[in-house]
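Comments concern the structure below.
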Amino acid sequence: MKMAKRRAVRSSHTCAMASLKGSLSAAFFTITRSLSSPRITVTNADAFRWVRAAKGPFDAILIDFPDPTVDARTDIWSAALGPFAGALSREDCSALATLDITGGYIRAAMVSAAYLAAADGSGVRREHVLRGVREEWRKAGRLNFPEAIFANWEHTD
Numbered sequence: 000m001k002m003a004k005r006r007a008v009r010s011s012h013t014c015a016m017a018s019l020k021g022s023l024s025a026a027f028f029t030i031t032r033s034l035s036s037p038r039i040t041v042t043n044a045d046a047f048r049w050v051r052a053a054k055g056p057f058d059a060i061l062i063d064f065p066d067p068t069v070d071a072r073t074d075i076w077s078a079a080l081g082p083f084a085g086a087l088s089r090e091d092c093s094a095l096a097t098l099d100i101t102g103g104y105i106r107a108a109m110v111s112a113a114y115l116a117a118a119d120g121s122g123v124r125r126e127h128v129l130r131g132v133r134e135e136w137r138k139a140g141r142l143n144f145p146e147a148i149f150a151n152w153e154h155t156d
């Protein structure tokens with residue numbers, strides 16, 4: 000909000016990739032619209048296409064990415080394994096994808112899993128990933144981790 004009041008700011012563009020039905024997106028849209036400054040433009044479009052086609056300098060571009068679907072989270076978990084691809088099966092990634100978390104939390108869970116494995120002096124295993132994702136679940140402010148889905152994951156090789 001302060002950015003729009005600064006004289007040096009020529010324009011500010013926001014581009015929402017998701018429809019504005021989400022509460023956060025709708026609230027942001029309402030706040031941004033209420034500023035009614037000619038220096039602010041709100042766009043609801045494909046962010047990548049919009050940025051490529053946009054002309055002129057920008058002081059800020061804010062993009063609201065939608066939360067990934069279950070299928071997208073399965074792919075994100077598979078990609079996040081990187082050099083530890085053998086640590087989890089596609090079924091394991093599908094089970095993890097039932098957790099409603101974003102790609103950033105998934106990546107952080109895998110980084111935690113790698114550190115946990117290094118501390119154990121082993122490669123990444125299911126229990127490392129489970130501990131990492133539990134920690135990210137907690138950091139996201141969620142209280143009840145769905146333990147039943149992962150009942151057979153601990154202490155397996």
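When the sequence shown is numbered by numbering that gives the first Met the number 0, its final residue is 156 and no position is left out of the sequence of numbers. Glycine included, each C-beta is placed from N, C-alpha and C at the ideal position. Remember, it's a predicted structure, so these values are computed and weren't measured experimentally.
Under the three-state reduction of DSSP output, Asp45 falls in the coil class, being neither helix nor strand. Residue environment analysis places Phe149 among the buried positions, since at least 16 neighbouring C-beta atoms fall within 10 angstroms of its C-beta. Measuring C-alpha to C-alpha distances from Glu90 to each of Pro56, Gly140, Asp70 and Leu142 identifies Asp70 as the nearest. The distance from the Cβ of Trp136 to that of Ile100 is about 7 Å, consistent with a contact at the 8 Å cut-off. Considering only Phe47, Ile75 and Phe57, the residue with the shortest C-alpha distance to Asp63 is Phe47. Rounded to the nearest angstrom, the gap between the Cα atoms of Gly140 and Arg133 is 11 Å. In this structure, Pro82 is the residue among Pro82, Asp74, Trp49 and Pro145 with its C-alpha nearest to the C-alpha of Arg124. In the assembly as shown, Ser121 is an exposed residue. Its beta-carbon has fewer than 16 other beta-carbons within 10 Å. Rounded to whole angstroms, the gap between the alpha carbons of Glu126 and Phe57 is 45 Å. Annotated three-state conformation of Ile100 is coil, per DSSP.
Leu61 carries a strand assignment under DSSP once its states are collapsed to helix, strand and coil.
Per DSSP, Lys54 lies in no alpha helix (DSSP H) segment and is marked neither H nor E.
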